[in-house]
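Colleague: Positions in the first sequence are counted from 1; adding 10 to them yields this note's numbering.
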Amino acid sequence: MDVFAIFSARIAQAMQSLFPEAGADLLARIVVEPPRDPAHGDLSTNAAMLVAKPLGKNPREIAGALVEHFRNDPDVTSVEIAGPGFINFRLANPLWHQVLRSIGEQGAAFGRSSLGGGEAVNIEYVSANPTGPMHVGHTRGAVFGDTLAELMSYSGYEVTREYYINDAGSQIDTLARSTFLRYREALGETIEIPPGFYPGDYLIPVGQALKDEFGDSLLGKPDEEVTPLVKERVLAAMLELIKADLAKLNIHHDVFFSERTLHGQGGDIESTLAWLRDKGMIYEGRLEPPKGKTPDEWEDREQTLFRATDFGDDVDRPLVKSDGSYTYFAADIAYHRNKYLRGFKHMINVLGADHSGYVKRLQAATKAVSLNEADMDVRICQLVRLLKNGEPFKMSKRSGDLVTLADVVEEVGADATRFMLMYRRNDAAMDFDFALVKEQTKDNPVFYVQYAHARAYSIFKTAARDLPELDVSPEALRAADVSLLQSAAELDLVRVLAAWPRTVTAAAIAHEPHRIAFYVHELSAAFHGFWAKGKDDPSLRFVNAEDPKLTLARLALVDAVRQVIVNGLGILGVSAPEELS
RNA sequence: GGUCUCGUAGCUCAGCUGGAUAGAGCACCGGAUUCCUAAUCCGGGGGUCAUGGGUUCGAAUCCCGUCGAGAUCACCA
Numbered sequence: 011m012d013v014f015a016i017f018s019a020r021i022a023q024a025m026q027s028l029f030p031e032a033g034a035d036l037l038a039r040i041v042v043e044p045p046r047d048p049a050h051g052d053l054s055t056n057a058a059m060l061v062a063k064p065l066g067k068n069p070r071e072i073a074g075a076l077v078e079h080f081r082n083d084p085d086v087t088s089v090e091i092a093g094p095g096f097i098n099f100r101l102a103n104p105l106w107h108q109v110l111r112s113i114g115e116q117g118a119a120f121g122r123s124s125l126g127g128g129e130a131v132n133i134e135y136v137s138a139n140p141t142g143p144m145h146v147g148h149t150r151g152a153v154f155g156d157t158l159a160e161l162m163s164y165s166g167y168e169v170t171r172e173y174y175i176n177d178a179g180s181q182i183d184t185l186a187r188s189t190f191l192r193y194r195e196a197l198g199e200t201i202e203i204p205p206g207f208y209p210g211d212y213l214i215p216v217g218q219a220l221k222d223e224f225g226d227s228l229l230g231k232p233d234e235e236v237t238p239l240v241k242e243r244v245l246a247a248m249l250e251l252i253k254a255d256l257a258k259l260n261i262h263h264d265v266f267f268s269e270r271t272l273h274g275q276g277g278d279i280e281s282t283l284a285w286l287r288d289k290g291m292i293y294e295g296r297l298e299p300p301k302g303k304t305p306d307e308w309e310d311r312e313q314t315l316f317r318a319t320d321f322g323d324d325v326d327r328p329l330v331k332s333d334g335s336y337t338y339f340a341a342d343i344a345y346h347r348n349k350y351l352r353g354f355k356h357m358i359n360v361l362g363a364d365h366s367g368y369v370k371r372l373q374a375a376t377k378a379v380s381l382n383e384a385d386m387d388v389r390i391c392q393l394v395r396l397l398k399n400g401e402p403f404k405m406s407k408r409s410g411d412l413v414t415l416a417d418v419v420e421e422v423g424a425d426a427t428r429f430m431l432m433y434r435r436n437d438a439a440m441d442f443d444f445a446l447v448k449e450q451t452k453d454n455p456v457f458y459v460q461y462a463h464a465r466a467y468s469i470f471k472t473a474a475r476d477l478p479e480l481d482v483s484p485e486a487l488r489a490a491d492v493s494l495l496q497s498a499a500e501l502d503l504v505r506v507l508a509a510w511p512r513t514v515t516a517a518a519i520a521h522e523p524h525r526i527a528f529y530v531h532e533l534s535a536a537f538h539g540f541w542a543k544g545k546d547d548p549s550l551r552f553v554n555a556e557d558p559k560l561t562l563a564r565l566a567l568v569d570a571v572r573q574v575i576v577n578g579l580g581i582l583g584v585s586a587p588e589e590l591s
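(1) What residue range is occupied by the uninterrupted beta strand (DSSP E) comprising residue 267?
(2) Under the three-state reduction of DSSP, which class applies to residue 384: helix, strand or coil?
(3) With distances taken from CA atoms, which of 417, 586 and 422 is nearest residue 254?
(4) So if DSSP puts residue 440 in a beta bridge, which residue, or which two residues, is it bridged to?
(5) Count the other C-beta atoms from every protein chain shown that fall within 10 angstroms of the C-beta of residue 135, then say buried if there are 16 or more, exposed otherwise.
(6) Report back the beta-carbon spacing between residue 586 and residue 495 to the nearest angstrom; my notes put them in contact at under 8 angstroms.
(7) May I have the straight-line CA-CA distance separating residue 110 from residue 96, to the nearest angstrom?
(8) Would you mind working out which of 91, 260 and 103 sits nearest residue 419, comparing C-alpha positions?
(9) Going by C-alpha to C-alpha distance, which of 352, 239, 242 and 327 sits closest to residue 265?
(10) Tell me, please, which residues DSSP counts as bridged to residue 554.
(11) Would you kindly check if the distance between the Cβ of residue 247 and the Cβ of residue 221 is under 8 angstroms?
(12) Can we say the segment 168 to 187 touches the segment 224 to 231, given the rule of at least three CB pairs closer than 8 angstroms?
(13) Which class does residue 145 belong to by DSSP, given the choice of helix, strand or coil?
(14) Which first and last residues belong to the alpha helix (DSSP H) in which residue 61 is found?
(15) Between the segment 543 to 560 and the segment 474 to 486, do three or more beta carbon pairs fall short of 8 angstroms?
(16) Pull up the distance between the alpha-carbon of residue 175 and that of residue 341, whole angstroms please.
(17) DSSP three-state label for residue 136, please.
(18) What do you get for residue 205, buried or exposed, if any count of 16 or more other CB atoms within 10 angstroms of its CB means buried?
(19) Looking at the secondary structure, which residues open and close the beta strand (DSSP E) in which residue 358 lies?
(20) Give the secondary structure of residue 413 by DSSP, where H, G and I count as helix, E and B as strand, and everything else as coil.
(21) Is the segment 151 to 168 touching the segment 315 to 334 in the sense that three or more CB pairs, one from each, lie closer than 8 angstroms?
(22) In the DSSP assignment, find the unbroken alpha helix (DSSP H) run with residue 71 in it and report its ends.
(23) Can you give me the C-alpha to C-alpha distance between residue 571 and residue 369, rounded to a whole angstrom?
(24) If I'm right that residue 2 touches residue 463 with Cβ under 8 angstroms, what's the distance once you round it to whole angstroms?
(25) Are residue 384 and residue 350 close, meaning C-beta to C-beta below 8 angstroms?
(26) Can you check which of these residues, 256, 187, 49 and 160, is closest to residue 92 by C-alpha distance?
(27) How would you write the range of the alpha helix (DSSP H) that residue 218 sits in, first residue to last?
(28) So, at 8 angstroms on beta carbons, what are the nonlocal neighbours of residue 337 in its own chain, with the 5 sequence-adjacent residues on each side left out?
(29) Can you tell me whether DSSP reads residue 97 as helix, strand or coil?
(30) In the structure shown, what three-state DSSP assignment does residue 294 receive?
(31) By the 10 Å Cβ neighbour count, where 16 or more other Cβ atoms means buried, how is residue 12 classified, buried or exposed?
(32) Smallest Cα separation from residue 443: which of 436, 14, 508 and 427?
(33) Select from 505, 311 and 137 the residue whose C-alpha is nearest the C-alpha of residue 252.
(34) For residue 406, count the other beta carbons within 10 Å of its own beta carbon; 16 or more makes it buried, fewer makes it exposed. Which is it?
(35) What did DSSP end up calling residue 311 once you bin it into helix, strand or coil?
(36) Use the C-beta contact count for residue 41: other C-beta atoms within 10 angstroms, 16 or more gives buried, fewer gives exposed.
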């Protein structure tokens, strides 16, 4: 039950019947939201101001008609016109009680919606090069993508979580060569790792495994025979490494899509380029060097170009390298056509800030291959600066000079990592201070929220102690007489709970999962605040041994808070412990 | 030089895709603990929303310019 959605519909309907001359487009823009200042009421609409000008009427005249319409509505205790033409509603207590009951009935489903209507969304995230373990730079995108996927799924989309494996480039040849060195090392040779090779220790076990599998039989063989063999082994090993890293944050993809499968005769790149050519989206031409920064080895030559500018990109993009092989972008076009042909009309890609220059061409590619049928939202995750007590922080165990994802999780734990990364907009750079994240105080929003959840459990324990006869089973809580909750403090808490479905929907539409983290924090604050009121005013305590019926009603409220925190933390992928140790 | 982000309290950040007197945490000051977990709560001071224009009933939010920070710039991935 979403009171805002309900009233949004009712207000739109009222406007429709009162002012039929206002078009549907106009009415769709009506906003119903809680006013910033609670003194203004429970919800507020701009309907009158919005419609006034197009209809050539006075806002207050329109507002007056709407006020009249709702004057005798039993769900509304007051409607008034305020400011330049806002209409403020105050809702009747029974409606809030109804919200509370619906949370009890819906439980984990409270906040779920059919916003997405079961439509398929492909969310591609992480897609780190399979050349080593995940480092911190990937962590933010990984958590963001995973949380967004959960949010979209929660909001009624059919979500596919996808990882694009960049396993076709020359870096993979380098990786294979680096691995071969480790193989020779495993056979007893003293090796030296040349610059440009991958120096990380994580290749040592792969070399060892090659030795175990082949003995020294690879040494004498020609490169053309050995390289594909090594490549296959090391790619598989790296992918396992990455999956294991992601699993540490409880991140699991549905599809791992290999770039290599797009290449080759009869592959998707060939067929896609043929298709594009057929549509006239490819031509042979020359590019201007970028202004202000001419690359040293600029080679002015005619090349095969994709008409990206026709789809909003800044320049047309090359598809074939000077050596005749396909560019990365050519493969990416084919990949996104593949996605489209698999049935995805909604695609979201999560990229790091270092790929922000890639956004336009990705969107251009998506439009082109779908003939403008599909939409592509690219979410950029800005960089994370690691700090410890305010000082830049370096920690390297496995991957040369980079802090790995595994390091971070080991240091602060998966819950804190996930929550802290989501407690910030994705498009703003952030500092991640280990000392702060590990601190278990109110400065740390993770523990603040988890403590609120644990506190709900604690209240139930107290109830069991003080009122051992009281039945607090889920059935009993659902049957509680919540209309006994009449104090402002109680109803204010319900108001916060009532905002949950609206918060989820707005976050899903905007693709902004950080709003979930902020909401959960806000709800926790409201709950802690109410709890503390019981200190000054014992009549507001949850557990009152003299009044089992009231206690039961309040426990239903506590349980609703607990449930919504669970739902929110569930989207965030953060655990909700029953007690903090 | 082009493009893309960002600029909000001393610090870290929200601001519900244009709404009413711009919010929270930290820090600072002052309170609350024989009482459901003080891992918490209550109160106070603190702002030219970088800046200058524009759009309109109304702008932190949208558009243009300027300043500043970061990222990126054919044939890497």
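All C-beta atoms in this analysis are idealised placements derived from N, C-alpha and C, irrespective of residue type, glycine included. Everything numeric in this text was worked out from a predicted model, so none of it was measured.
Modeller: According to the data block:
(1) For the purposes of this step, residue 267 is taken as residue 257 along the first sequence, with counting starting at 1. Where residue 267 is concerned, the enclosing beta strand (DSSP E) stretches over 265 to 268.
(2) Mapped onto the first sequence, residue 384 falls at position 374. Coil.
(3) In the first sequence, the residue the question calls residue 254 occupies position 244. The candidate whose alpha carbon is nearest that of residue 254 is 417.
(4) Walking along the first sequence from the start, residue 440 turns up at place 430. Its beta-bridge partners are 394.
(5) Position 125 of the first sequence, counting from 1, holds the residue named residue 135. Within a 10 Å sphere around the beta-carbon of residue 135 sit 16 or more other beta-carbons, which makes this residue buried.
(6) Stepping through the first sequence from its first residue, residue 586 is reached at position 576. Stepping through the first sequence from its first residue, residue 495 is reached at position 485. Actually they are not in contact, since the Cβ atoms of residue 586 and residue 495 sit about 24 angstroms apart, beyond 8 angstroms.
(7) For the purposes of this step, residue 110 is taken as the residue at position 100 of the first sequence. For the purposes of this step, residue 96 is taken as the residue at position 86 of the first sequence. If you take the alpha carbons of residue 110 and residue 96, they lie about 28 angstroms apart.
(8) For the purposes of this step, residue 419 is identified with residue 409 of the first sequence, where counting begins at 1. Measuring from the Cα of residue 419, the nearest candidate turns out to be 260.
(9) By 1-based counting over the first sequence, the position of residue 265 is 255. Of the listed residues, the one whose Cα sits closest to residue 265 is 352.
(10) To locate residue 554, count along the first sequence from 1; it is residue 544. Partner(s): none; residue 554 has no beta bridge.
(11) Taking the first sequence and counting its residues from 1, the one referred to as residue 221 is at position 211. Taking the first sequence and counting its residues from 1, the one referred to as residue 247 is at position 237. Not a contact, by the Cβ cut-off of 8 angstroms.
(12) no
(13) Against the first sequence, residue 145 aligns to sequence position 135. Correct three-state label for residue 145: strand.
(14) By one-based count along the first sequence, residue 61 stands at place 51. Looking at the DSSP string, the run of the alpha helix (DSSP H) that includes residue 61 is 57 to 65.
(15) yes
(16) Locating residue 175 in the first sequence gives position 165, where the first residue counts as 1. Locating residue 341 in the first sequence gives position 331, where the first residue counts as 1. Taking the straight line from one Cα to the other gives about 12 angstroms.
(17) As a position in the first sequence, residue 136 is number 126, starting the count at 1. The answer is coil: DSSP assigns residue 136 none of H, G, I, E or B.
(18) For this step, residue 205 is matched to residue 195 along the first sequence. Looking at its Cβ environment, which holds fewer than 16 other Cβ atoms inside 10 Å, residue 205 is exposed.
(19) Taking the first sequence and counting its residues from 1, the one referred to as residue 358 is at position 348. Where residue 358 is concerned, the enclosing beta strand (DSSP E) stretches over 356 to 362.
(20) For the purposes of this step, residue 413 is identified with residue 403 of the first sequence, where counting begins at 1. In the structure shown, the three-state DSSP call for residue 413 is coil.
(21) no
(22) In the first sequence, residue 71 corresponds to position 61, counting from 1. For residue 71, the uninterrupted alpha helix (DSSP H) run begins and ends at 69 to 80, by DSSP.
(23) Taking the first residue of the first sequence as position 1, residue 571 is located at position 561. Taking the first residue of the first sequence as position 1, residue 369 is located at position 359. Residue 571 and residue 369: Cα-Cα distance of roughly 40 angstroms.
(24) In the structure as shown, the chain starts at 11 and stops at 591, and residue 2 therefore has no counterpart that could be examined.
(25) Here residue 384 is taken as the residue at index 374 of the first sequence, counted from 1. Here residue 350 is taken as the residue at index 340 of the first sequence, counted from 1. It is a contact, given that the beta carbons lie within the stated cut-off.
(26) As a working mapping, residue 92 is identified with position 82 in the first sequence. Among 256, 187, 49 and 160, the Cα nearest to that of residue 92 is on 49.
(27) By one-based count along the first sequence, residue 218 stands at place 208. Residues 214 to 224.
(28) In the first sequence, counting from the first residue as 1, residue 337 sits at position 327. Answer for residue 337: 327, 328, 329, 330 and 331, listed in chain order.
(29) Indexing the first sequence from 1 puts residue 97 at position 87. Strand.
(30) The count along the first sequence starts at 1 and reaches residue 294 at position 284. Here DSSP, grouped into helix, strand and coil, assigns residue 294 to strand.
(31) Numbered from 1 along the first sequence, position 2 holds the residue referred to as residue 12. With 16 or more other Cβ atoms within 10 Å, it is buried.
(32) The count along the first sequence starts at 1 and reaches residue 443 at position 433. Looking at the Cα atoms, 427 is the closest of the given residues.
(33) Along the first sequence, read from residue 1 onward, the residue named residue 252 stands at position 242. For residue 252, the nearest C-alpha among the options comes from 137.
(34) Position 396 of the first sequence holds residue 406. In this predicted model, residue 406 has a pLDDT of only 45, less than 50, meaning its place in the structure is not dependable enough to derive any value.
(35) Counted from its first residue, the first sequence places residue 311 at position 301. Three-state result, residue 311: coil.
(36) Taking the first residue of the first sequence as position 1, residue 41 is located at position 31. Result: exposed.
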